[in-house]
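Structure first, commentary second.
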Amino acid sequence: MLRRRRREAESAEAGPTASAGEHEEAELSGPEEAGEPEPPQGPWDIDDDFPATERIDFGSLQVPAGDGHEVQVGMAGEVAAWVTVVTGESSLQVQAFAAPRNDGLWDEVREEIAAEVSRSGGESSQEDGPFGLELRARVTAPPEGQGAKPGGLQPVRFLGVDGPRWFLRGVISGPAARRDDLAEPLERVFADVVVARGEHPMPPRELLEIRLPLEVRQAIAQQLGEPLGEDEEGTDPPRWAGVAPFERGPEITETR
2 MLRRRRREAE
12 SAEAGPTASA
22 GEHEEAELSG
32 PEEAGEPEPP
42 QGPWDIDDDF
52 PATERIDFGS
62 LQVPAGDGHE
72 VQVGMAGEVA
82 AWVTVVTGES
92 SLQVQAFAAP
102 RNDGLWDEVR
112 EEIAAEVSRS
122 GGESSQEDGP
132 FGLELRARVT
142 APPEGQGAKP
152 GGLQPVRFLG
162 VDGPRWFLRG
172 VISGPAARRD
182 DLAEPLERVF
192 ADVVVARGEH
202 PMPPRELLEI
212 RLPLEVRQAI
222 AQQLGEPLGE
232 DEEGTDPPRW
242 AGVAPFERGP
252 EITETR
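Residue numbers for the sequence shown follow the working numbering, so the first one is 2 and each next one is one higher.
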């Protein structure tokens, strides 16, 4: 739906570019004439009429669950900071942030990521992808083991979608970052994410709260021998502060 809106806006700005004959030919061979419905155009806002499918509810993010997918929650300290979907040796990391009411963040964030990649010895280029402009980069691999030197450059794809008062960022890594056939399942997951921004005021770029599903929190509490507090059982938990969303930490995994 979001991509459809962008394409309609781009078409309106560009104005008519085809003759009447070309329009007539396009209508005869279009998807409606062939009886093919338009594919879903997510990621979705919680208020959109999005297709029903099995999703795991993380509060601000509802992430599709599928056969062969591992859904992981990345922790920064004691705070859930991102959700990662793993399939095979590839992964998709997703995070949602608050955004201004009238302006998107992706153009600005994309430039910042490119500058950071360059400073760290990597390289990147902007390319048109299934969600609009994306950043395809080659970044320095982290060292393995104490005292190890950084490895070679590894491919990474940075995706971004501006929604109504939110910004969704995706990062595809592993073999899927360089092979479109491997990336397609992860792209489908990203396209089917639902973002629940909430109505409370938030400064732009603040990470939207990721909340572990109740059954996961209950299992953790049981393992620790500690009951859940009232705020952890309710629907309006206290907001987490001091989040470091780009710091990688331990992960909690759920396989579907």
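We put the beta carbon where it would ideally sit given N, CA and C, even for glycine.
Here the structure is a predicted model, which is why all the values come from computation and not from measurement.
query: When you compare only the Cα positions, how much space is there between Asp48 and Val95?; result: 20 Å
query: Mind pulling the beta strand (DSSP E) runs of 3 or more residues that sit fully within the stretch 122-191?; result: 124-130, 133-141, 154-164 and 167-174
query: Please list, in chain order, all residues of the same chain as Leu209 whose beta carbon is under 7 Å from its beta carbon, the five residues on each side excluded.; result: Ser61, Ala97, Phe98, Ala99, Trp167 and Arg198
query: Are there 16 or more other CB atoms within 10 angstroms of the CB of Thr85, so buried, or fewer, so exposed?; result: buried
query: May I have the straight-line CA-CA distance separating Gly105 from Gly69, to the nearest angstrom?; result: 34 Å
query: For the 8 Å Cβ check, are there 3 or more pairs between the stretch 111-125 and the stretch 134-143?; result: yes
query: Within its chain, find whatever has a CB closer than 8 Å to the CB of Ser121; leave out the 5 residues flanking it on each side and keep chain order.; result: Val140 and Thr141
query: Can you tell me which of Gly164, Gly161, Gln224 and Pro143 puts its alpha carbon nearest to the alpha carbon of Gln155?; result: Pro143
query: How close, in whole Å, do the beta carbons of Leu183 and Ser91 come, if the pair is a contact with beta carbons under 8 Å?; result: 6 Å
query: To the nearest angstrom, how far is it from the Cα of Val217 to the Cα of Val74?; result: 11 Å
query: On the three-state DSSP scale, how would you describe Val64?; result: strand
query: Drop a sphere of 10 angstroms on the beta-carbon of Leu215, count the other beta-carbons inside from all chains shown, and report buried for 16 or more, exposed for fewer.; result: exposed
query: Only counting the same chain, and skipping five residues up and downstream in sequence, which positions put a Cβ closer than 6 Å to that of Phe132?; result: Leu160 and Val162
query: Roughly how many whole angstroms lie between the Cα atoms of Gly171 and Asp46?; result: 16 Å
query: How many angstroms separate the CA atom of Glu200 from the CA atom of Ala115?; result: 32 Å
query: Strictly by DSSP, which residues pair up with Arg56?; result: Pro65
query: Nearest-angstrom Cα distance between Ala181 and Gly153?; result: A quick correction: the sequence has Asp, not Ala, at residue 181. If you take the alpha carbons of Asp181 and Gly153, they lie about 22 Å apart.
query: Apart from the five residues on each side of it in sequence, which residues of its chain come closer than 6 Å, Cβ to Cβ, to Val87?; result: Glu71
query: Relative to the C-alpha of Ala178, which candidate in Val194, Gln224 and Gly130 has its C-alpha closest?; result: Gly130
query: So, using beta-carbon positions, are Ile211 and Phe59 closer together than 8 Å?; result: yes
query: For Ala77 and Asn103, I'd like the C-alpha separation in whole angstroms.; result: 30 Å
query: I'd like to check one pair, Val196 with Gly175: are the Cβ atoms closer than 8 Å?; result: no
query: Restricting to Cα atoms, I'd like to know which of Gln63, Glu135 and Pro186 is closest to Ala89.; result: The question names Ala, but residue 89 in the sequence shown is Gly. Minimum Cα distance to Gly89 is reached at Pro186.
query: Kindly identify the DSSP beta-bridge partner or partners of Glu117.; result: Paired residue(s): none; Glu117 is not in a bridge.
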